[in-house]
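Engineer: So that we are looking at the same thing, I have put the structure below in structure tokens.
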Amino acid sequence: MRDGATSGALLDWYDIHARDMPWRVSPADRAAGVRPDPYRVWLSEVMLQQTTVAAVRDYFARFTALWPTVGDLAAAEDGRVMAEWAGLGYYARARNLLKCARAVVRDHGGVFPDTREALMSLPGIGPYTASAISAIAFDRAETVVDGNVERVMARLHDVHTPLPAAKPELTALAALHTPEARPGDYAQAVMDLGATICTPRSPACGICPWRDPCAARAEGTAPELPKKTPKKQKPVRHGVVFIGRSRDGAWLMERRPESGLLGGTLGWPGTAWVAVSEEVPEAIPPAEAEWRLLPAEALHTFTHFHLRLSIMVAEGLPASGGETASATLRPGAQGWVPRGDFRPSDMPTVMRKAFDLARSAMDNDA
DNA sequence: CAAGCGTGGGT
DNA sequence: TACCCAAGCTT
Numbered sequence: 288m289r290d291g292a293t294s295g296a297l298l299d300w301y302d303i304h305a306r307d308m309p310w311r312v313s314p315a316d317r318a319a320g321v322r323p324d325p326y327r328v329w330l331s332e333v334m335l336q337q338t339t340v341a342a343v344r345d346y347f348a349r350f351t352a353l354w355p356t357v358g359d360l361a362a363a364e365d366g367r368v369m370a371e372w373a374g375l376g377y378y379a380r381a382r383n384l385l386k387c388a389r390a391v392v393r394d395h396g397g398v399f400p401d402t403r404e405a406l407m408s409l410p411g412i413g414p415y416t417a418s419a420i421s422a423i424a425f426d427r428a429e430t431v432v433d434g435n436v437e438r439v440m441a442r443l444h445d446v447h448t449p450l451p452a453a454k455p456e457l458t459a460l461a462a463l464h465t466p467e468a469r470p471g472d473y474a475q476a477v478m479d480l481g482a483t484i485c486t487p488r489s490p491a492c493g494i495c496p497w498r499d500p501c502a503a504r505a506e507g508t509a510p511e512l513p514k515k516t517p518k519k520q521k522p523v524r525h526g527v528v529f530i531g532r533s534r535d536g537a538w539l540m541e542r543r544p545e546s547g548l549l550g551g552t553l554g555w556p557g558t559a560w561v562a563v564s565e566e567v568p569e570a571i572p573p574a575e576a577e578w579r580l581l582p583a584e585a586l587h588t589f590t591h592f593h594l595r596l597s598i599m600v601a602e603g604l605p606a607s608g609g610e611t612a613s614a615t616l617r618p619g620a621q622g623w624v625p626r627g628d629f630r631p632s633d634m635p636t637v638m639r640k641a642f643d644l645a646r647s648a649m650d651n652d653a
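Shown next, in the form of structure tokens:
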């Protein structure tokens with residue numbers, strides 16, 4: 288069953304109000320037959336997973352400049368891709384991005400498959416992203432369900448079941464509205480609606496193209512939907528990192544193991560991170576030196592815990608074993624990264640915070 | 001299948 | 001300040 292009236296009203300709104308994004312083909316261009324590049328659609332959708340449009344823009348521009356095609360990306364060095372992703376978060380996305388690019392080259396001749404099922408089998412592409420690529424890049428009538436769509440459907444149909452339990456019901460409702468005509472524009476239109484009109488707080492119901500059919504607006508319940516099950520509070524963990532510099536200005540760094548928190552990213556050697564109620568593990572320095580403890584800690588919040596990171600610094604160390612380009616550092620390995628190759632922006636934010644504090648302390652010595 | 005997995009911006 | 005939230009996927 289399809290609902291042409293509601294989708295039509297939304298598409299009319301989208302023709303006028305579609306937001307301009309670097310990876311998007313405007314409704315007018317799309318009507319003229321222009322199709323988006325599946326590579327750019329895929330890259331943008333992966334970057335946009337749990338991430339705001341504002342945060343993605345610059346990363347998308349850098350990635351497409353460095354690697355214009357999926358073949359270019361597939362041929363890139365792992366460490367280069369991890370460095371470019373640094374700061375965007377959820378680093379499994381970057382690891383899966385490379386796996387996916389290489390699978391597209393190896394198994395699909397460098398051409399993205401155009402069905403939801405085939406897309407779903409690729410690393411890092413789940414139900415949402417498979418539908419989004421299929422609809423947006425290939426104009427297939429797949430139903431796209433992200434956080435925006437869940438919120439819009441919960442309000443349009445006044446669903447009070449809390450998420451995530453309500454997800455199947457909201458997905459079914461979303462499918463009823465998905466049109467056969469212009470499914471790609473429609474998918475982007477619902478998400479634009481959720482991002483600009485049907486917002487989590489203070490929805491602008493007065494100017495909504497769906498104000499008439501919206502059940503929650505009629506009931507006055509829109510601002511309180513969707514209901515969500517309460518989340519647990521975050522515990523605090525504590526750890527120590529060592530930031531060491533050689534006589535030649537090289538930095539002693541490590542690449543974290545492939546799996547787990549910050550997997551595959553560049554950072555500083557240190558202890559495990561444990562609950563404050565536990566004993567911080569013996570801080571065994573990664574090199575012989577006179578390490579001194581900084582008076583300030585790096586504070587950072589991850590998805591499921593707060594971190595307080597103590598920082599030890601030392602300078603003038605001998606770079607025993609020679610220097611190593613950061614991008615070639617293997618997961619689990621440590622090495623001296625030469626001064627000219629070191630960029631703080633290659634590290635995840637928590638490690639950059641620790642470095643900023645260390646640099647201030649070192650500069651103060653000079 | 002509940003939990004693990006980042007970060008920056010808004011209120 | 002301390003939440004809440006964002007175009008989710010994997011295990």
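Counting in the numbering used here, the first sequence runs from 288 upward without gaps. Beta carbons: idealized from backbone N, C-alpha and C, even for Gly. Predicted, not measured: the structure shown is a model, and the values here were computed from it.
Give the range of the beta strand (DSSP E) segment to which VAL527 is assigned.
Structural biologist: Against the first sequence, residue 527 aligns to sequence position 240. For VAL527, the enclosing beta strand (DSSP E) covers residues 523-533.
Engineer: Helix or strand or just coil, what does DSSP make of GLU506?
Structural biologist: By one-based count along the first sequence, residue 506 stands at place 219. DSSP places GLU506 in helix when its eight states are reduced to three.
Engineer: So what's ARG595 in DSSP terms, helix, strand or just coil?
Structural biologist: Start at 1 with the first residue of the first sequence, and residue 595 comes out as number 308. ARG595 falls in the strand class under three-state DSSP.
Engineer: Which residue comes first and which comes last in the beta strand (DSSP E) that contains ALA585?
Structural biologist: Working through the first sequence from its first residue, we reach residue 585 at position 298. Residues 585-588.
Engineer: Cutting at 8 Å between CB atoms, please list the residues of its own chain near THR338, excluding the five before and the five after it.
Structural biologist: Here residue 338 is taken as the residue at index 51 of the first sequence, counted from 1. Contacts found: LEU375, GLY376, TYR377.
Engineer: Please return the same chain residues whose Cβ sits closer than 8 Å to the Cβ of SER489, not counting the five positions on each side in sequence.
Structural biologist: The count along the first sequence starts at 1 and reaches residue 489 at position 202. Answer for SER489: PRO510, listed in chain order.
Engineer: Is the CB-CB distance between PRO410 and ALA424 below 8 Å?
Structural biologist: To locate residue 410, count along the first sequence from 1; it is residue 123. To locate residue 424, count along the first sequence from 1; it is residue 137. Going by C-beta atoms, PRO410 is not nearer than 8 Å to ALA424.
Engineer: What does the alpha-carbon distance come out to for the pair LYS521 and VAL321?
Structural biologist: Locating residue 521 in the first sequence gives position 234, where the first residue counts as 1. Locating residue 321 in the first sequence gives position 34, where the first residue counts as 1. Taking the straight line joining both Cα atoms gives about 47 Å.
Engineer: Taking Cβ positions, are ASP394 and SER421 nearer each other than 8 Å?
Structural biologist: Taking the first sequence and counting its residues from 1, one reaches residue 394 at position 107. Taking the first sequence and counting its residues from 1, one reaches residue 421 at position 134. Their beta carbons are not under 8 Å apart, which means ASP394 does not touch SER421 by this criterion.
Engineer: Please check the pair TRP623 and ALA606, which I expect to be a contact at CB under 8 Å, by giving their CB distance rounded to whole angstroms.
Structural biologist: Indexing the first sequence from 1 puts residue 623 at position 336. Indexing the first sequence from 1 puts residue 606 at position 319. Between ALA606 and TRP623 the Cβ distance is about 4 Å, and since that is below 8 Å, they are a contact.
Engineer: What is the DSSP secondary structure of GLU566, counted as helix, strand or coil?
Structural biologist: Numbered from 1 along the first sequence, position 279 holds the residue referred to as residue 566. It is coil, neither helix nor strand.
Engineer: Mind the definition here: the stretch 630-647 touches the stretch 583-600 only if three or more C-beta pairs lie below 8 Å; say whether that holds.
Structural biologist: yes
Engineer: At which residues does the alpha helix (DSSP H) containing TRP538 begin and terminate?
Structural biologist: Within the first sequence, numbered from 1, the residue matching residue 538 stands at position 251. Taken as a continuous stretch (DSSP letters only), TRP538 belongs to no alpha helix (DSSP H), being part of the beta strand (DSSP E) at 538-542.
Engineer: Touch check for the stretch 501-518 and the stretch 590-603: three-plus C-beta pairs under 8 Å?
Structural biologist: no
Engineer: On the DSSP bridge list, what partners appear for LEU553?
Structural biologist: As a working mapping, residue 553 is identified with position 266 in the first sequence. For LEU553, which the question treats as bridged, DSSP gives the partners ARG542.
Engineer: Suppose you measure from the CA of ALA601 to the CA of GLU371; what does that come to, to the nearest Å?
Structural biologist: Position 314 of the first sequence, counting from 1, holds the residue named residue 601. Position 84 of the first sequence, counting from 1, holds the residue named residue 371. C-alpha separation (whole angstroms): 28 Å.
Engineer: For CYS387 and LEU443, which I take to be in contact (beta-carbon distance under 8 Å), what is that distance rounded to the nearest angstrom?
Structural biologist: Within the first sequence, numbered from 1, the residue matching residue 387 stands at position 100. Within the first sequence, numbered from 1, the residue matching residue 443 stands at position 156. Rounded, the Cβ-Cβ distance is 33 Å, inconsistent with contact.
Engineer: Going by other Cβ atoms of all chains shown within 10 Å of its Cβ, with 16 needed for buried, is ALA653 buried or exposed?
Structural biologist: To locate residue 653, count along the first sequence from 1; it is residue 366. Confidence in ALA653 is poor, its pLDDT being 46 and thus under 50, which makes the residue's placement too unreliable to answer from.
Engineer: At the level of alpha carbons, what is the spacing between ALA452 and THR458?
Structural biologist: Counting from 1 along the first sequence, the entry for residue 452 is found at position 165. Counting from 1 along the first sequence, the entry for residue 458 is found at position 171. So the alpha carbons of these two residues sit roughly 11 Å apart.
Engineer: List in chain order: all unbroken beta strand (DSSP E) runs of 3+ residues lying wholly within the stretch 299-376.
Structural biologist: none
Engineer: Taking the beta strand (DSSP E) that GLN621 falls in, what are its first and last residues?
Structural biologist: Numbered from its first residue, the first sequence carries residue 621 at position 334. 621-624 is the span of the beta strand (DSSP E), which, as asked, contains GLN621.
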